[in-house]
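Here is the structure we will look at.
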Amino acid sequence: MSEARKAIFARLRQTLHAGPTPDDATSAAPQTGHARGPQPAWTEAPLQRFVAKLEAVAGTLVRVGSSDAVPAVVADYLETHDLPPQLVAAPHPLLESLPWPATLTPEHRAAQAQDIVALSAAYCAVAETGSLALLSGPHTPTTLNFLPDHYLCVVQASRVVSHLEDVWDLLRREHGGMPRALNLITGPSRTADVEQIIQLGAHGPRRLHVILIEAE
Numbered sequence: 003m004s005e006a007r008k009a010i011f012a013r014l015r016q017t018l019h020a021g022p023t024p025d026d027a028t029s030a031a032p033q034t035g036h037a038r039g040p041q042p043a044w045t046e047a048p049l050q051r052f053v054a055k056l057e058a059v060a061g062t063l064v065r066v067g068s069s070d071a072v073p074a075v076v077a078d079y080l081e082t083h084d085l086p087p088q089l090v091a092a093p094h095p096l097l098e099s100l101p102w103p104a105t106l107t108p109e110h111r112a113a114q115a116q117d118i119v120a121l122s123a124a125y126c127a128v129a130e131t132g133s134l135a136l137l138s139g140p141h142t143p144t145t146l147n148f149l150p151d152h153y154l155c156v157v158q159a160s161r162v163v164s165h166l167e168d169v170w171d172l173l174r175r176e177h178g179g180m181p182r183a184l185n186l187i188t189g190p191s192r193t194a195d196v197e198q199i200i201q202l203g204a205h206g207p208r209r210l211h212v213i214l215i216e217a218e
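Residue numbers (the working numbering): 3 to 218.
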């Protein structure tokens with residue numbers, strides 16, 4: 003690196019309050035932590051805040067004691083919204099192992115254009131924003147999150163983290179880094195681009211229904 007370039011980068015890094023340039027950092031110890039900026043604080047428990055934030059963005063939620071109760075919740079949702087007993091579900095080990103009744107056996111695959119109801123499993127949930135974090139992969143196809151009008155998602159209460167930064171920490175700890183894609187879903191899809199009128203389902207599902215498993 004030329005002296006002129008070194009001088010330019012040194013001034014930039016000084017302005018940004020950054021560390022030394024690469025040439026000057028050869029003897030420095032590598033950083034192992036990930037610094038965080040200011041984070042919002044609140045008094046309620048993370049799970050309580052997650053539920054409140056989810057409902058504030060028009061998401062709905064039902065609590066169950068164990069995963070075995072999920073099929074009954076799905077069946078009740080379909081009946082409540084006058085939907086046929088059909089759905090597509092993620093080929094996720096948790097969802098494939100559920101005691102599905104013969105009258106409601108989901109197709110475990112990626113979603114297609116004609117699918118109306120989808121069920122998937124979240125990687126975790128974020129109390130700060132009421133968001134669901136979903137990883138792309140063979141067990142959780144991303145099309146399930148966006149194509150059907152009705153999106154149902156299972157999340158375990160123990161996987162509700164406080165802040166968005168906690169999602170990145172969880173990924174580093176459990177996966178060693180980021181997946182190919184991570185989607186943060188906060189409520190049903192909506193837009194007010196046309197005459198400032200809220201329209202649901204503009205870029206994804208019109209309804210988001212979360213099934214919170216409390217005991218596992």
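A virtual CB, placed ideally from N, CA and C, is assigned to each residue, including glycine.
Model, not experiment: these values are computed from the prediction.
Of the listed residues the options, nearest to residue i (C-alpha basis)
{"i": "ALA104", "options": "GLN88, ASP168, ALA183, HIS83", "result": "GLN88"}
{"i": "GLN114", "options": "LEU49, THR131, THR144, GLU130", "result": "THR144"}
{"i": "VAL75", "options": "VAL64, SER138, PRO40", "result": "VAL64"}
{"i": "PRO150", "options": "MET180, ARG182, VAL90, LEU80", "result": "VAL90"}
{"i": "ARG209", "options": "ALA6, GLU5, PHE11, THR82", "result": "THR82"}
{"i": "ALA58", "options": "GLU109, TYR79, GLY189", "result": "GLY189"}
Beta-carbon proximity check, residue i vs residue j, cutoff 8 Å
{"i": "ARG1", "j": "TRP44", "result": "Here the chain covers residues 3 to 218 and nothing more, so residue 1 does not appear."}
{"i": "LEU49", "j": "ALA159", "result": "yes"}
{"i": "VAL157", "j": "VAL72", "result": "no"}
Residues bridged to residue i (per DSSP)
{"i": "HIS152", "result": "VAL119, ARG209"}
{"i": "ARG65", "result": "LEU214"}
{"i": "GLU109", "result": "VAL90"}
{"i": "SER133", "result": "VAL128"}
For residue j and residue i, the rounded distance between their alpha carbons
{"i": "PHE68", "j": "PRO42", "result": "What sits at residue 68 in the sequence shown is Ser, not Phe. Computed Cα separation, rounded: 32 Å."}
{"i": "LEU154", "j": "LEU121", "result": "5 Å"}
{"i": "LEU18", "j": "ALA183", "result": "30 Å"}
{"i": "GLU216", "j": "ASP70", "result": "12 Å"}
{"i": "ASN185", "j": "SER138", "result": "8 Å"}
{"i": "THR142", "j": "ARG15", "result": "41 Å"}
Hey, is the region 156–169 in contact with the region 115–134, meaning 3+ C-beta pairs nearer than 8 Å? The answer is yes - the region 115–134 touches the region 156–169, with three or more Cβ pairs under 8 Å.
Kindly confirm or deny that the region 128–138 and the region 95–109 touch, where touching means at least three C-beta pairs closer than 8 Å. Verdict: no, contact absent.
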